[in-house]
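Single-structure report; data block below.
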Amino acid sequence: MRDLWRILRVVRRSLRGGPLVGFVLAVGLASLAGVMAGVLPGLVGVAIGAIQGRPASPSPGLAGLFARLVSGQSPWLVIAATLVAVTISVGVTMAQSRAGSELSAELTAALRVELVRAALWASPRAVDAAGARALAPKGGPPAPPGVKAPAVRGFEAVKLVIARDAAAVSDFAVAVITGLPQAIVTLLVLAFELATGGAWPVLVGTALLFVLSRVLSDRASRRVGERMQSMQRSDTAVFGALGEMLAGTEELRLLGARQTALTEVTDAAHRAADARRSFAAALAASGQIKSVLAAMSPLVLLVALRLSGRTYEAGDIAKLLLVTPLLLARFEALDGLRAGLLERAPLLASLRDLLSLPPHPPEPESPLPLAAITNDEVVLDHVGYRPEGAQDDVLHDVSLRIPAGAVVAICGASGSGKSTLVRLLLRLDDPTRGKIEVGGVDLTRLSPRDLSRLFAVLGQASVLFERSVAENLALGLADPPDEAAMRRLLARVRLDDLAEDKGGRGLGAVVRKVPPNFSGGEQRRLLLARMLLRDARLLVLDEPEAGLPGATAEELLRSVVELSAGRTTILVTHAPHLVKSTFNVVLDKGRIAAMGTHEELVQSSETYRALLSEGQRKQAAPRPHSLP
Ligand SMILES: Nc1ncnc2c1ncn2[C@@H]1O[C@H](COP(=O)(O)OP(=O)(O)OP(=O)(O)O)[C@@H](O)[C@H]1O
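Under the UniProt record's numbering, the first residue of the sequence shown carries the number 1, and numbering increases by one thereafter.
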């Protein structure tokens, strides 16, 4: 229950309009519907008594008040009054159900917004881990055989939590918010009516019948909960498999692995179907126990009447016959909420877990404005980094000063720590030791939202989104640049066709990934244009030439150096000799092995020479020119 309230509290800020109005309306109508439901059997009993010409004995309850009001009136008038009351009751119930649905829709939307906010602001590593935790079995039965290793599917689980579980939790929250007052109010009204009418044994008998039903169906309810968890894990496996397959359709075709993929998805889908069937069977079994006991309720009524030792009129008996299943249903409703909380405990915990992920990087207590950085010199001061759970440091005691306006190339063999260094600089991860400063300001003193204004980035994982070229270029900019500025920049990165709308492609062309409609080189140039369009003070590029053939890579790197002139630029590259930067830093196994200009390093650094010969060997790889 605590999890549920905590989730609702977080969601409050994303509710549109006056969040209280929806809650008050839903709870108010639910309570009113509860009163009406409790009163109706008594009113029907009065009407039946009136038809028989034997008015019910007026008791102090609401039905008694009604009986006094209609006493001596014609039976038809009493029936008409009862019909009006029934109609009002139906109207209230419909309005309550509508208010509940609206509240549920609003809550679902707000919960999804908050979950997405949490996932976007938290560290991706933490989000992935939260997703993996959501998939881990929590005391239930083991996942169905064939369900994929959950640890690698954290993000898939997060997608499902946001898309599916948010709706399930919202529906349940509304059921609690409205169901609780409704059931309690009805029970109170009925208890009052029965007690004041002297029929309290009916209340006691029904309560005992409910306890019996609870004992018998407890095991069945637990089984429902376990099967539900199992079904959800199998669904996640199908969802994960589908996402992976659809993103890799071309790859699967080229590898000749389509049939394997289909078999895997078929397997997962069938296991999900089995889990669903098994859940449905458990649900039906638990429902049957309840319906058998509900069918026995008239028997309980007769025994209770016999015990009370009084004689009852037909109207009273009719009223009590209506009351017993109603009582039972309200006891069940209350218990259903309790069982629902138990069944949904893992779901609620996953949601709470995700919602309480702290933003990363955290907001400093007293952030310094960007203007506090008066020059763009970058200093790494004894920086070390060990990823969480790793045995060794990936970076060891790295100290480096990059003067303002310099273009510095960071090079080194694969795995030497180049990308890690860039991640620390951008605060995607934080150093485990040492600090990084720009213009004398420790990066941790800046507000995270200022980081995207300080750095413009072209990373290894930079992607274009499936939207127009213009939208891709303007993504994240508070003031979208005008068309002329975009065209000028496209021309500068040598995307003349796009700049001039040639060949049917221009700023409005939509980028597609599968199958791609932009070449690898064009995509990199677009990313370069996107980076340069930002009015950031420092440029950071992590292997912008990655995956491009030699000539294209060389041309791209030359564009980078030419276009970044004047701004402090940190460029991770495997081809430092192509950059002609003033300064190169050579990393080796997480340490700085050498620093200097290209000429100096060629003379002094064995590691650098090895890198160059490796890079040149790749470039000089023989190509077939013509067939004999
Ligand atoms: N989260 C992590 N857990 C464990 N090891 C990690 C983690 N992140 C990085 N590493 C390790 O740190 C080392 C440096 O990785 P990094 O990506 O920085 O290398 P790189 O120089 O950029 O390599 P490449 O040129 O191939 O991109 C690698 O050995 C990598 O396996």
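All residues carry an ideal CB built from backbone N, CA and C; glycine is no exception.
For the candidate residues the options, whose alpha-carbon lies nearest to that of residue i?
{"i": "residue 14", "options": "90, 80, 103", "result": "103"}
{"i": "residue 516", "options": "466, 555, 176", "result": "466"}
{"i": "residue 387", "options": "362, 408, 429", "result": "429"}
{"i": "residue 471", "options": "434, 500, 511", "result": "511"}
{"i": "residue 630", "options": "479, 440, 525", "result": "Nothing about residue 630 can be reported from this structure: the residues present for the chain run from 1 to 628 only."}
{"i": "residue 425", "options": "414, 441, 412", "result": "441"}
{"i": "residue 402", "options": "289, 363, 211, 596", "result": "596"}
{"i": "residue 532", "options": "456, 502, 67", "result": "456"}
{"i": "residue 210", "options": "331, 41, 201, 598", "result": "331"}
{"i": "residue 576", "options": "325, 553, 567", "result": "553"}
{"i": "residue 272", "options": "66, 359, 239", "result": "239"}
{"i": "residue 49", "options": "70, 439, 32", "result": "70"}
{"i": "residue 226", "options": "76, 469, 286, 571", "result": "286"}
{"i": "residue 379", "options": "182, 213, 568", "result": "568"}
{"i": "residue 382", "options": "242, 390, 432, 344", "result": "432"}
{"i": "residue 261", "options": "278, 275, 241, 274", "result": "241"}
{"i": "residue 5", "options": "170, 115, 230", "result": "170"}
How many angstroms separate the CA atom of residue i from the CA atom of residue j?
{"i": "residue 585", "j": "residue 106", "result": "54 Å"}
{"i": "residue 519", "j": "residue 220", "result": "58 Å"}
{"i": "residue 193", "j": "residue 78", "result": "19 Å"}
{"i": "residue 320", "j": "residue 299", "result": "12 Å"}
{"i": "residue 9", "j": "residue 408", "result": "48 Å"}
{"i": "residue 89", "j": "residue 62", "result": "14 Å"}
{"i": "residue 302", "j": "residue 68", "result": "27 Å"}
{"i": "residue 197", "j": "residue 44", "result": "15 Å"}
{"i": "residue 37", "j": "residue 132", "result": "45 Å"}
{"i": "residue 562", "j": "residue 493", "result": "10 Å"}
{"i": "residue 317", "j": "residue 280", "result": "37 Å"}
{"i": "residue 72", "j": "residue 322", "result": "24 Å"}
{"i": "residue 544", "j": "residue 564", "result": "13 Å"}
{"i": "residue 110", "j": "residue 12", "result": "8 Å"}
{"i": "residue 610", "j": "residue 555", "result": "23 Å"}
Could you check where the beta strand (DSSP E) with residue i kicks off and where it finishes?
{"i": "residue 172", "result": "It is not in any beta strand (DSSP E) - residue 172 instead sits in the alpha helix (DSSP H) that spans 166 to 196."}
{"i": "residue 412", "result": "407 to 412"}
{"i": "residue 382", "result": "378 to 385"}
{"i": "residue 595", "result": "591 to 596"}
{"i": "residue 571", "result": "568 to 572"}
{"i": "residue 3", "result": "Careful: residue 3 lies outside any beta strand (DSSP E), inside the alpha helix (DSSP H) at 2 to 11."}
{"i": "residue 585", "result": "583 to 588"}
Starting from residue i, trace the alpha helix (DSSP H) both ways and give me its first and last residue.
{"i": "residue 82", "result": "75 to 121"}
{"i": "residue 434", "result": "From DSSP, residue 434 is part of no alpha helix (DSSP H) but of the beta strand (DSSP E) over 433 to 438."}
{"i": "residue 339", "result": "314 to 343"}
{"i": "residue 655", "result": "With the chain running from 1 to 628 in the structure shown, residue 655 is simply not present."}
{"i": "residue 531", "result": "520 to 533"}
{"i": "residue 472", "result": "469 to 474"}
{"i": "residue 456", "result": "Careful: residue 456 lies outside any alpha helix (DSSP H), inside the beta strand (DSSP E) at 455 to 458."}
Quick check: is any heavy atom of ligand 1 less than 7 Å from the C-beta of residue i?
{"i": "residue 101", "result": "no"}
{"i": "residue 417", "result": "yes"}
{"i": "residue 241", "result": "no"}
{"i": "residue 412", "result": "yes"}
{"i": "residue 261", "result": "no"}
{"i": "residue 390", "result": "yes"}
{"i": "residue 387", "result": "yes"}
{"i": "residue 394", "result": "yes"}
{"i": "residue 420", "result": "yes"}
Kindly indicate if chain B contains any beta-carbon less than 8 Å away from that of residue i.
{"i": "residue 351", "result": "This model lacks chain B altogether; it includes just one protein chain."}
Just to confirm, does residue i get its C-beta within under 7 Å of one of the non-hydrogen atoms of ligand 2?
{"i": "residue 304", "result": "With respect to ligand 2, the structure offers nothing, as its ligand set consists of ligand 1."}
*Is there contact between the region 261 to 270 and the region 155 to 167, where contact requires at least three CB pairs shorter than 8 Å?*
no
*Would you check if the region 311 to 329 and the region 122 to 130 touch, i.e. whether three or more CB-CB distances between them fall below 8 Å?*
no
*Looking at C-beta atoms only, is the number of pairs between the region 367 to 375 and the region 438 to 451 that lie closer than 8 Å three or more?*
yes
*Within the chosen definition, does the region 323 to 338 reach the region 347 to 361 through at least 3 CB pairs nearer than 8 Å?*
no
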